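Reading through the structure tokens given below for one structure.
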């Protein structure tokens, strides 16, 4: 008979930190976290004294136990609900223009290069690896219109071991000639991409990590016909949907001139079958009350991309109001509108945005950490699978060390685990991410000594 101990692949003993609600972070000291051979959290035991560890392990072999020191702790992996894979090529450049001019000057010319599949592999390898190094265990990726390059992105994510939604971008109007599809070709290639991901997943011996996501770039770039066809595809395959919404005032004005029969920008997506509980809308900076109410009614999610909104001068989203309406909200880096692929940077920018909007409603540390983990999981409709350390969820996590060589975090005698954790959130970076796990396995990054995730 198979014993509990034989099903366990690793056990962490030490400090575990996760969100249990929007307002509460749980600090589990001397915890034992058991991970099984399915990559799931099999057991969580709290407050285990040193002399009780062996008996609590219940026969698990000692070489499977990872004992954390006082400068280490394990947290859930970060969730990036909005990031553009091809834009990493100019991450940190081009923040001198507002959105629409920025797209024409920087984004579209760079994205055109992904017609070359070899170029796509080279750049996507770096983009995904950088995201993972920053502790992003789950990401909602925008690719480009190019089918072959989109397939390369899927292959690379699979090789590196990240959990991901991946979207082939759709654009058939108001875009440069070199990025304009026909409605027919856009739908055809999107269907082919969906089938490709299904084929990749069918060959796995574990639960799939990659899901295709329907991805109209934004309403401006798609005709009503194309949006309607994409809505049908989402329904046919039961897929999530992602796009941009109410990011910039000029964008909103242009959108409403194209779709005068819709009540507002949010309704454009709803009117075409693209707004439901699996929809992720990035930005939502300039939302009318009725638009927020429609998001709540449809149970759609919002990706808050404060870094990008500052850089492109779009404005400051009212996250406090969103949360007061119990709308699902997560954080997005929005590379390359955002200058960093780090959710830590997104968290910090979100804090600054909330302070700038209203010092009396500033987002608290517990809320920011929630948005970076459980909030993102809710936005992706994966909160029954990932986001914190509830038993039965899959183990996506970061082993953080505040005292690594060349650490940006300085630890002092007075520091507690709570202050070390807060320092990591506001001072730390990828150097502190000692190990990264997805579905119970340590991820394998190009150039590292870790074996690949298969």
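In this note's numbering, the protein residues as written are 16 to 469.
Note that the Cβ used here is the ideal one computed from N, Cα and C, for glycine as well.
Because the structure is a prediction, the values reported are computed rather than measured.
Since residue 460 and residue 136 should fall inside the 8 Å C-beta cutoff, what is the C-beta to C-beta distance between them, to a whole number of angstroms? Residue 460 sits at position 445 when you count from the first residue of the chain shown. Residue 136 sits at position 121 when you count from the first residue of the chain shown. With 8 Å as the limit, residue 460 and residue 136 do not qualify as a contact, their Cβ atoms being about 16 Å apart.
Alpha carbon to alpha carbon, how far is residue 26 from residue 178? Translated into the one-based positions of the chain shown, residue 26 becomes position 11. Translated into the one-based positions of the chain shown, residue 178 becomes position 163. Cα to Cα, residue 26 sits roughly 22 Å from residue 178.
Please look up how many angstroms separate the CB atoms of residue 87 and residue 182, rounded, as I've assumed it's under 8 Å. Stepping through the chain shown from its first residue, residue 87 is reached at position 72. Stepping through the chain shown from its first residue, residue 182 is reached at position 167. Taking C-beta atoms under 8 Å as the contact rule, residue 87 and residue 182 fail to qualify, at a distance of about 36 Å.
Local Cβ density within 10 Å of residue 466, reported as buried at 16 or more and exposed below that: Working through the chain shown from its first residue, we reach residue 466 at position 451. Residue placement at residue 466 cannot be trusted, given a pLDDT of 40 that sits under 50; what the coordinates show is reported in the next sentence. Flag for residue 466 reads exposed.
Decide if the stretch 127-134 is in contact with the stretch 314-327; the criterion is three or more beta carbon pairs, one per stretch, under 8 Å apart. With the rule of 3 Cβ pairs closer than 8 Å, the stretch 127-134 does not count as touching the stretch 314-327.
Contact the stretch 367-376 vs the stretch 414-422: 3+ CB pairs below 8 Å: With a cut-off of 8 Å, the stretch 414-422 and the stretch 367-376 do not count as touching, because too few Cβ pairs lie within range.
What separation, rounded to the nearest whole angstrom, lies between the Cα atoms of residue 143 and residue 99? Position 128 of the chain shown, counted from the start, is the residue given in the question as residue 143. Position 84 of the chain shown, counted from the start, is the residue given in the question as residue 99. Rounded to whole angstroms, residue 143 to residue 99 spans 10 Å at the Cα level.
One question on the structure: do residue 28 and residue 83 come within less than 9 Å of each other, judged by their Cβ atoms? One-based indexing of the chain shown puts residue 28 at position 13. One-based indexing of the chain shown puts residue 83 at position 68. The Cβ atoms of residue 28 and residue 83 lie closer than 9 Å to each other.
My guess is that residue 48 and residue 452 are in contact by the Cβ rule of under 8 Å, so how many angstroms apart are they, rounded? Translated into the one-based positions of the chain shown, residue 48 becomes position 33. Translated into the one-based positions of the chain shown, residue 452 becomes position 437. With 8 Å as the limit, residue 48 and residue 452 do not qualify as a contact, their Cβ atoms being about 11 Å apart.
Check whether the stretch 435-446 and the stretch 358-369 are in contact - that is, three or more C-beta pairs closer than 8 Å. Yes: the two stretches touch, three or more of their Cβ pairs being nearer than 8 Å.
Looking only at C-alpha atoms, which of 140, 311 and 190 sits nearest to residue 117? Residue 117 sits at position 102 when you count from the first residue of the chain shown. By alpha-carbon distance to residue 117, the top candidate from 140, 311 and 190 is 190.
With distances taken from CA atoms, which of 245, 123, 51 and 344 is nearest residue 200? The count along the chain shown starts at 1 and reaches residue 200 at position 185. Residue 245 is the option with its Cα nearest to residue 200.
Give me the residue from 196, 197 and 139 with the minimum Cα distance to residue 169. Position 154 of the chain shown, counted from the start, is the residue given in the question as residue 169. Per the Cα distances, 139.
Please state whether DSSP places residue 47 in a helix, a strand or coil. If you number the chain shown from 1, residue 47 lands on position 32. The answer is strand: DSSP assigns residue 47 an E or B state.
Nearest to residue 358 by alpha carbon, out of 368, 367, 347 and 111? What you label residue 358 is simply residue 343 of the chain shown in a count that begins at 1. The shortest Cα separation from residue 358 among 368, 367, 347 and 111 belongs to 347.
C-beta atoms of residue 3 and residue 30 nearer than 9 Å: The chain is shown only over 16 to 469; residue 3 falls outside these bounds and no answer can be derived.
Assess, as a yes-or-no matter, whether the stretch 60-71 is touched by the stretch 33-40 under the definition of 3 or more beta carbon pairs within less than 8 Å. These segments do not touch.
Compute the minimum distance between the beta carbon of residue 248 and the heavy atoms of the ligand FAD, and state whether it is under 8 Å. The ligand FAD is absent from the structure shown, which contains no ligand whatsoever.
Report the residue from 448, 18, 395 and 111 whose alpha carbon sits nearest the alpha carbon of residue 226. Taking the chain shown and counting its residues from 1, one reaches residue 226 at position 211. Ranking 448, 18, 395 and 111 by Cα distance to residue 226 puts 395 first.
Which partner residues of residue 296 appear in the DSSP bridge assignment? Mapped onto the chain shown, residue 296 falls at position 281. Answer is 258 and 317.
Beta strand (DSSP E) containing residue 155: first to last residue? Reading the chain shown from its first residue, position 140 is the one you call residue 155. Here the beta strand (DSSP E) through residue 155 covers 151-157.
I'd like to check one pair, residue 152 with residue 91: are the Cβ atoms closer than 9 Å? Here residue 91 is taken as the residue at index 76 of the chain shown, counted from 1. Here residue 152 is taken as the residue at index 137 of the chain shown, counted from 1. Yes. Within cutoff.
Ordered along the chain, which non-local residues of its own chain (more than five positions away) have a Cβ less than 8 Å from that of residue 336? As a working mapping, residue 336 is identified with position 321 in the chain shown. Correct list, in chain order: 307.
Return the CA-CA distance between residue 195 and residue 188, expressed in angstroms with no decimal places. Here the question's residue 195 lines up with position 180 in the chain shown. Here the question's residue 188 lines up with position 173 in the chain shown. A straight line joining the alpha-carbon of residue 195 with that of residue 188 spans about 6 Å.
Between the beta-carbon of residue 101 and the beta-carbon of residue 157, is there less than 9 Å? For the purposes of this step, residue 101 is taken as residue 86 along the chain shown, with counting starting at 1. For the purposes of this step, residue 157 is taken as residue 142 along the chain shown, with counting starting at 1. Residue 101 is a Cβ neighbour of residue 157, given a cutoff of 9 Å.
Do you know how far the Cα of residue 81 is from the Cα of residue 436? Walking along the chain shown from the start, residue 436 turns up at place 421. Walking along the chain shown from the start, residue 81 turns up at place 66. Their backbone Cα atoms lie some 19 Å apart in a straight line.
Excluding the five sequence neighbours on either side, which residues of its own chain have a C-beta within less than 6 Å of the C-beta of residue 455, listed in chain order? As a first step, residue 455 must be located in the chain shown, where it is residue number 440. The residues are 50, 54 and 410.
Hey, quick one: how far does the alpha helix (DSSP H) through residue 276 stretch, first residue to last? As a working mapping, residue 276 is identified with position 261 in the chain shown. No alpha helix (DSSP H) contains residue 276, which DSSP labels as neither H nor E.
For the beta strand (DSSP E) that residue 449 lies in, which residues bound it at each end? Along the chain shown, one-based indexing puts residue 449 at 434. Run containing residue 449: 448-453, per the beta strand (DSSP E) assignment.
What are the start and end residues of the beta strand (DSSP E) that includes residue 345? One-based indexing of the chain shown puts residue 345 at position 330. Here the beta strand (DSSP E) through residue 345 covers 343-346.
Determine whether the beta carbon atoms of residue 311 and residue 294 lie at a separation below 9 Å. To locate residue 311, count along the chain shown from 1; it is residue 296. To locate residue 294, count along the chain shown from 1; it is residue 279. Inclusion of residue 311 and residue 294 in the CB contact set at 9 Å is not warranted, their separation being larger than that value.
Helix, strand or coil, according to DSSP, for residue 113 in the structure here? Translated into the one-based positions of the chain shown, residue 113 becomes position 98. Under the three-state reduction of DSSP, residue 113 is assigned to coil, being neither helix nor strand.
For residue 209 and residue 184, believed in contact at Cβ under 8 Å, the rounded distance: In the chain shown, residue 184 corresponds to position 169, counting from 1. In the chain shown, residue 209 corresponds to position 194, counting from 1. Between the beta-carbon of residue 184 and that of residue 209 there is about 14 Å, and that puts the pair past the 8 Å contact cut.
With residue 434 as the anchor, note down where its alpha helix (DSSP H) starts and where it stops. Walking along the chain shown from the start, residue 434 turns up at place 419. Start and end: 432-442.
Could you tell me the alpha carbon to alpha carbon distance between residue 468 and residue 268, rounded to whole angstroms? Counted from its first residue, the chain shown places residue 468 at position 453. Counted from its first residue, the chain shown places residue 268 at position 253. Here residue 468 scores only 43 on pLDDT, less than 50, and its place in the model is too uncertain to base an answer on.
Let me know if residue 429 comes out buried or exposed under the rule of 16 or more other beta-carbons within 10 Å of its beta-carbon. What you label residue 429 is simply residue 414 of the chain shown in a count that begins at 1. That one is exposed.
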